[in-house]
Amino acid sequence: MADKPRFFITTAIDYPNSRPHIGTAFEKIGADVQARYRRMQGYDVFFLMGNDENTIKVVKRARELGKEPQAYCNEMADQFKEVWRALNISNDDFIQTSEPRHHAGCQQFIQKVFENGHIYKGSYEGWYCEGCEEFKTEKQIKEAGGVCPNHNTPPVRRSEPCYYFALSKFQDRLLRFYEDNPDFIQPESRRNEIVSLVQTELLDVNITRSGQNWGIRVPFDDSYTIYVWFDALLNYVTGIGYGTEAERFAHWWPADVHFIGKDITRFHCALWPAMCFAAGIAPPRRVFGHGFVYRKDDASGDRIKESKTLGNVTDPMDIITRFSGEAFRYYFMRECPFPGDGDFSWLRFAEVYNSDLANNLGNLYSRVLRQISLNYGTVLEGTAGQAPEVINSEGSVHTAVAEVQQHLEACQYNQALQKIWLLILDPANRYADRTEPWKLVKQDKEAAKKVLYNLVEPLRQGAILLKPFIPRAAEVIYRSFNFSRPWEEVRYEDVVTRPAQTEPLRLLADLPDGKPKPLFPRIA
RNA sequence: GGCGGCGUAGCUCAGCGGUUAGAGCAGCGGCUUCAUAAGCCGCGUGUCGCUGGUUCGAUCCCAGCCGCCGCUACCA
């Protein structure tokens, strides 16, 4: 195990104020595809997700429901996990920031930064709403026309003592860091925004609040709790044992990639590395700010504003129930470019599902299996040791795999998937039509057997290539045959270098009436 | 206002100095029937946002303009 390269992946932790929506699911799937791909390629992967619970809103929401904050958080965490399970997200851990391990690690971290001299006491002055019992930003007040957006009352100017993190001291070091690590911020377009922001001016950040019971106490002054980002970002280290399991932390840190929404790149690309510098740990290696997905109206083609108050939020579970978790994964990875924004519409979803999954992949699987079972029972005798002929006329399989990998590693999932269809699956359907094994079998049963043997190959290749994207369907395809390489051990290289078939090819799929169950039943 | 991005077929996008600008989906026509009424073949005269410039040559480089969008810090 020690010689395996390790790979530590995280996603943003989510607010448990409401259930997960399609945007949060998009992020988790994108991260999961990467995690699954890296595992296949021999990395020792740790994939961390979680919920961000130390906020005043949690307390308010819990109170509204007549619950204890902790109980509320746990219930919400269960709801999140339920959705992630339905989407077959392979996270290794799920951290709740209300957990003791997070509290302990967090306190140790802030203490360290304090001792290193990067935290000082000052005071925060801003617009305070007495109804909300919290400070409002200039922007919030301005947008609401000079009043509190919640209470419609004018805020008061208020000043309160607090602790600051001396972010401004890290300006030069951050700029040097970006220069030395040009790939740190992904995608590239986000990079300029951050660099110019840091170049302009870095302001110290207020990292404490007073008068709160819920949250993490500041160890060097327990009348304060740690405020927002200084707490939330730390889940990435407390989740792997910072402050509680030194050895484990040393093994996994720094993170190879943080997957986050593009709206919070600033905190991850400027504040977070500076916090790491201040605490004397390495900064993360890469931050990937993905795009957003929007709901699109089928009739008008317009983007719909989803909001809790309007009650029109699309629940991922509705989509999963109507189609499947695999279909959900496929749609968002194929249809929405991960670095950019994308749209979801029910109509489009059904189109993509039927066209790519049911008609193309699913039907290819069905027709090949059916031909074999119809004419040869379950065994293609004499195929042991035989190598299938290459039927891909679009270019070499080697090139196809290289292209898919390149896209996968750049998180261009939509392009990776398009390549799999274009270079592996489509040619197989064409080959079947060209060779017509259903006719050939009547004249030359041996020749038809060969054709079918050749047709199994793109199914094997497709299953391997699709494993990170639609792991369940890929597994069903792969396990329908007695391929020599165990499913758990397949790698992308196996697509090109086919492990020798020691036994004659055999169908292991469940075949009621000689027909396989449809992988993706067509939706009317 | 400042910095940055985008504008390519009905839709989603690829291409980013050089033969007739490409894919998928949708649409239309034909073939086929092994298969999930699936598959295959054929069909696009698109001002590559507009106007100039650089170049032997620009969708791809530069400038200006028009239209969208992001960031411009303490809500995560």
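655 is the number that our numbering gives to position 170 of the first sequence; each next residue is one higher, with no gaps. Virtual Cβ for every residue (Gly too), placed ideally from N, Cα, C.
Taking a contact to require three or more Cβ pairs closer than 8 angstroms, the region 917 to 932 and the region 955 to 974 do not qualify as touching. Taking C-beta separations shorter than 7 angstroms and ignoring five residues to either side along the sequence, the partners of Ser583 in its chain run Glu538, Asn539, Gln555, Cys558, following chain order. Tyr861 places its beta carbon 8 angstroms or farther from that of Leu842. Ranked by how close their Cα comes to the Cα of Asp488, the residues Tyr850, His736, Gln897, Thr693 have His736 in first place. Per DSSP, reduced to three states, the secondary structure at Lys545 is helical. Comparing alpha carbon positions, the residue from Ile507, Asn691, Phe511, Phe579 closest to Tyr605 is Asn691.
Under the three-state reduction of DSSP, Trp923 is assigned to helix. Secondary structure at Leu682: helix, using DSSP grouped into helix, strand and coil.
The residue among Asn797, Asp529, Glu686, Glu678 with its C-alpha nearest the C-alpha of Arg504 is Asn797.
Under DSSP, Glu645 shares a beta bridge with Tyr609.
Fully contained in the region 830 to 859 are the following alpha helix (DSSP H) runs of length 4 or more, in chain order: 831 to 837. Straight through space, the alpha carbons of Ile507 and Thr799 are spaced by roughly 7 angstroms. Residue pairing by DSSP places Val530 opposite Phe492 in a beta bridge.
The beta carbon of Ala958 sits closer than 6 angstroms to the beta carbons of Glu811, Leu1004 from its chain, once the five residues preceding and following it are set aside; these are given in chain order. Only residues of its own chain outside the window of five on either side were considered, and among them Val778, Phe817 have a CB closer than 6 angstroms to the CB of Phe511, listed in chain order.
Contact check for Thr693 against Cys647 passes: the beta carbons are separated by less than 8 angstroms.
Ranked by Cα distance from Leu854, the first of Glu820, Ser708, Arg991, Thr729 is Arg991. Judged by DSSP secondary structure, Ile745 falls outside any alpha helix (DSSP H) and instead within the beta strand (DSSP E) spanning 742 to 746. Around the beta-carbon of Asn637, fewer than 16 other beta-carbon atoms lie within 10 Å, marking it exposed. With a cutoff of 8 angstroms on beta-carbon distance, Cys591 and Leu719 are scored as near each other. Across the structure, Ser575 and Ile949 are spaced so that their CA atoms are roughly 17 angstroms apart.
Three or more Cβ pairs closer than 8 angstroms define a contact, and the region 825 to 834 falls short of that threshold against the region 906 to 919.
In this structure the region 931 to 941 does not touch the region 880 to 893; the number of beta carbon pairs closer than 8 angstroms is below three.
Setting aside the 5 residues that flank it on each side, Gln871 is surrounded in the same chain by Tyr938, Gln986, each with a C-beta closer than 8 angstroms to its C-beta; the list follows chain order.
When DSSP states are grouped into helix, strand and coil, Thr884 belongs to the helix group. Annotation for Arg780: the continuous beta strand (DSSP E) segment containing it runs 778 to 781. According to the DSSP secondary-structure assignment, Ile580 is paired through a beta bridge with Gly535.
Contact between Ser674 and Ser695 is absent: CB atoms are separated by about 39 angstroms, not below the 8 angstroms threshold. Two segments are said to touch when three or more pairs of C-beta atoms, one from each, lie closer than 8 angstroms; by this definition the region 751 to 763 touches the region 643 to 663. Distances from the alpha-carbon of Pro672 to those of Lys747, Ile701, Pro640, Arg546 put Lys747 closest.
Short of 7 angstroms from the beta carbon of Val683, and not among the five residues preceding or following it, lie these beta carbons of its own chain, in chain order: Gln656, Leu659, Leu660, Ala755.
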